[in-house]
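Note sheet for the following structure.
Residue numbers (this note's numbering), protein chains in the order written: chain X, 3 to 222; chain H, 3 to 222.
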C-alpha cells in the first residue's frame, strides 16, 4: 500500500472524466484530505465508444482482458457466460468477480492516464445478448468475432463501412469459441467479422479486435 | 511430452511454408518415421512481411511478445538491447535466450496454424539499428512507435500512406520507453508513429501495433 503524507502531490479523479492535481493536507489510515489544484489533462477518450462483450474466460485471463481493454479505451465491458465459458453466473457472483473486474478497471484507468473508468456491467447469459441489442442496452452496430470459416455471411474489416460509428459493441467468444448455435443466433443481430486467417488465442482476441477497429475507424 | 504411436495422424511442417498430413509408422524415443499424405492447407501468410524490432523486455514479458507476434503473423523478430532494456547482450547469450525465443516461435506457429516459423534474429544493440536499416537488413519502411509528445515529426496511422508496402519494420521500445537520444537517432531512419493518447503497456505494444498496421494495410 502506498502511504501518503502531508504535502504529497497526487492526481485525483472521479472516474467520469474529471481529474485534478491535488496536494495531501491530512492523511489518515483510510482517508485523506486533499487541496484541489488545477484541472489535470487526462488521456483523451476514443471517438468511438466501444462496449466489449466478452465471453468469460478462465480466471486470470479474464482479468488480463479487462485490464487490456480498459487500457486501449473501451467504454464498457459486458461479461457474458457463453456455452463454452467454464463458469456459471452463480459462481461469478459467489466469487465476487464483477467487483474484482471493477477494481482492475480502476487500476488500469489510472495506469493508462484515463480519467474515465469504464463500466463493468452485470454478467449475463449469452441468450440475453439478442434482447440487449434490441433494447439498445448494447449499442449498435454489434460486431461478432468469428473464425473465417464460420459461414457465408462472415466479412473482413475491409468490407465494413469505413465511416466511424459513434458507438459499437464487439462480441468476443470464450477459449473454445462460440457454438454453431451461438453464431446462428448472433448473426441475426450482429455482423459476423473475422481477422485474418491465423488462429488468435481467446485471451488475445479482445485486444487485437479493439485495436483493429480503432484503426479502421481512424482513432489511431 | 506427447507420446506418439503407430497409426497416429499428425501434421508435419518444415517451418518454411510446407505442411503435410502424415501417419506415424514407427515411433522411437526421440524420432518417428511418418508416411506423408496430402498437402495440408496451412494458415495464409500476411501480405505485408513485418519485422518486429522489439527492445528486450523482462524475461516472461519478452516470451509473451514473441509468442503473440508469431501468432499475429510477423515475418521475423529482431531483438534489440535499448538503453532502458534491463539486460545486456552478454546475459542474453549466457541465458540462451535466442534459442528459447526460437522454441517459442515454433510452438506458437503450430498453435496458430502457420506453416512458416518466423526467424528470430541475433540480438543487437540499439546503435546497430541505423546501419541495419541502411543495409536493408531491416526492411523499410521502418516505423518507430513513440509517445504522442515525442516530437514534431510524430504522425498517427491516419497520416501514413494507406498503400500497403511489401515489407516493413516496426520498432517497439522497452518498458521504460526509448531515451530522447534513441528517438533522435531513430527519427533519421524511421517514421515516428503513435497510437492514440492513452498509455499502452510496453508488453502489449507489439500486439497492438502489429494488429493496427495489418488493419491499416488491408490484411484484416
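Here a beta-carbon is modelled for each residue, glycine too, at the ideal position from N, C-alpha and C.
I want to verify the contact list: residues of chain H whose CB lies under 8 Å from the CB of residue i, in sequence order.
{"i": "residue 73 of chain X", "result": "200, 201, 202, 203 and 206"}
Use the C-beta contact count for residue i: other C-beta atoms within 10 angstroms, 16 or more gives buried, fewer gives exposed.
{"i": "residue 62 of chain X", "result": "exposed"}
{"i": "residue 81 of chain H", "result": "buried"}
{"i": "residue 18 of chain H", "result": "exposed"}
{"i": "residue 56 of chain H", "result": "buried"}
{"i": "residue 214 of chain X", "result": "buried"}
{"i": "residue 70 of chain H", "result": "buried"}
{"i": "residue 199 of chain X", "result": "buried"}
{"i": "residue 157 of chain H", "result": "exposed"}
With distances taken Cα to Cα, identify the nearest neighbour of residue i among the options.
{"i": "residue 136 of chain X", "options": "X:188, X:67 and X:30", "result": "X:188"}
{"i": "residue 47 of chain H", "options": "X:171, X:71, X:201 and X:221", "result": "X:201"}
{"i": "residue 91 of chain X", "options": "X:118, X:128, X:17 and X:30", "result": "X:128"}
{"i": "residue 7 of chain X", "options": "X:144, X:180 and X:24", "result": "X:24"}
{"i": "residue 170 of chain X", "options": "X:85, X:162 and X:185", "result": "X:162"}
{"i": "residue 102 of chain X", "options": "X:172, X:204 and X:121", "result": "X:121"}
{"i": "residue 76 of chain H", "options": "H:159, H:28 and H:116", "result": "H:116"}
{"i": "residue 1 of chain X", "options": "X:10, X:5 and X:50", "result": "The requested residue 1 of chain X is not part of the displayed model; chain X covers only 3 to 222."}
{"i": "residue 65 of chain X", "options": "X:35, X:104 and X:93", "result": "X:104"}
{"i": "residue 159 of chain H", "options": "X:27, X:220 and X:125", "result": "X:220"}
{"i": "residue 176 of chain H", "options": "H:150, H:192 and H:208", "result": "H:208"}
{"i": "residue 166 of chain H", "options": "H:222, H:87 and H:198", "result": "H:222"}
{"i": "residue 195 of chain H", "options": "H:154, H:132, H:72 and H:39", "result": "H:154"}
{"i": "residue 164 of chain X", "options": "X:148, X:183, X:217 and X:182", "result": "X:217"}
{"i": "residue 152 of chain H", "options": "H:130, H:72, H:186 and H:45", "result": "H:186"}
{"i": "residue 96 of chain X", "options": "X:125, X:109, X:68 and X:79", "result": "X:125"}
{"i": "residue 110 of chain X", "options": "X:74, X:179, X:192 and X:50", "result": "X:74"}
{"i": "residue 53 of chain X", "options": "X:182, X:150, X:106 and X:134", "result": "X:134"}
{"i": "residue 141 of chain X", "options": "X:181, X:85, X:51 and X:94", "result": "X:51"}
{"i": "residue 143 of chain X", "options": "X:203, X:191, X:210 and X:78", "result": "X:191"}
{"i": "residue 212 of chain X", "options": "X:72, X:178 and X:139", "result": "X:72"}
{"i": "residue 2 of chain X", "options": "X:193, X:184, X:203 and X:210", "result": "Past the boundaries of the shown model lies residue 2 of chain X; chain X is included only from 3 to 222, so the question cannot be answered."}
Counting only Cβ pairs nearer than 8 Å, list the residues of chain X close to residue i.
{"i": "residue 174 of chain H", "result": "Neighbours of residue 174 of chain H on chain X: none; closest Cβ ~14 Å, over 8 Å."}
Once you ignore the five residues that flank residue i on each side, which residues in its own chain have a CB closer than 8 Å to its CB?
{"i": "residue 13 of chain X", "result": "21, 22, 23, 24 and 42"}
{"i": "residue 100 of chain H", "result": "81, 94, 122, 124 and 125"}
Residue i versus chain X: which residues are under 9 Å apart at the beta carbon?
{"i": "residue 135 of chain H", "result": "Here the premise fails: no neighbours, minimum Cβ distance about 23 Å."}
{"i": "residue 214 of chain H", "result": "213, 214, 216, 217 and 222"}
{"i": "residue 76 of chain H", "result": "Those do not exist, as residue 76 of chain H stays about 11 Å from chain X at its closest Cβ, beyond 9 Å."}
Residue i versus chain H: which residues are under 9 Å apart at the beta carbon?
{"i": "residue 151 of chain X", "result": "In chain order: nothing, as chain H lies at least about 11 Å away."}
Under 7 Å Cβ-Cβ, which residues of chain X neighbour residue i?
{"i": "residue 70 of chain H", "result": "206"}
Any beta-carbon of chain B closer than 8 Å to the one on residue i?
{"i": "residue 209 of chain H", "result": "Judged by its chain identifiers, the structure shown contains no chain B, and its protein chains are X and H."}
Excluding the 5 residues flanking residue i on each side, which residues of the same chain have their C-beta closer than 7 Å to its C-beta?
{"i": "residue 27 of chain X", "result": "8, 35, 36 and 37"}
{"i": "residue 205 of chain X", "result": "59, 63, 66 and 67"}
Here's a check: name, in chain order, each residue in its chain whose Cβ is nearer than 6 Å to the Cβ of residue i, leaving out the five neighbours to either side.
{"i": "residue 15 of chain H", "result": "21 and 117"}
{"i": "residue 88 of chain X", "result": "none"}
{"i": "residue 181 of chain H", "result": "85"}
{"i": "residue 149 of chain X", "result": "none"}
Counting only Cβ-Cβ distances shorter than 8 Å, please list the residues of the segment 39-54 of chain X near chain H, keeping chain order.
45, 46 and 48
In chain order, what residues of the segment 92-123 of chain X put their CB closer than 8 Å to some CB of chain H?
113, 114, 115 and 116
Could you list the residues in the segment 142-172 of chain H with a C-beta less than 8 Å from some C-beta on chain X, going in chain order?
Identification of residues in the segment 142-172 of chain H having a C-beta nearer than 8 Å to some C-beta of chain X yields 158, 159 and 160, given in sequence order.
Relative to chain X, which residues along the segment 173-196 of chain H have a C-beta separation below 9 Å, given in chain order?
195 and 196
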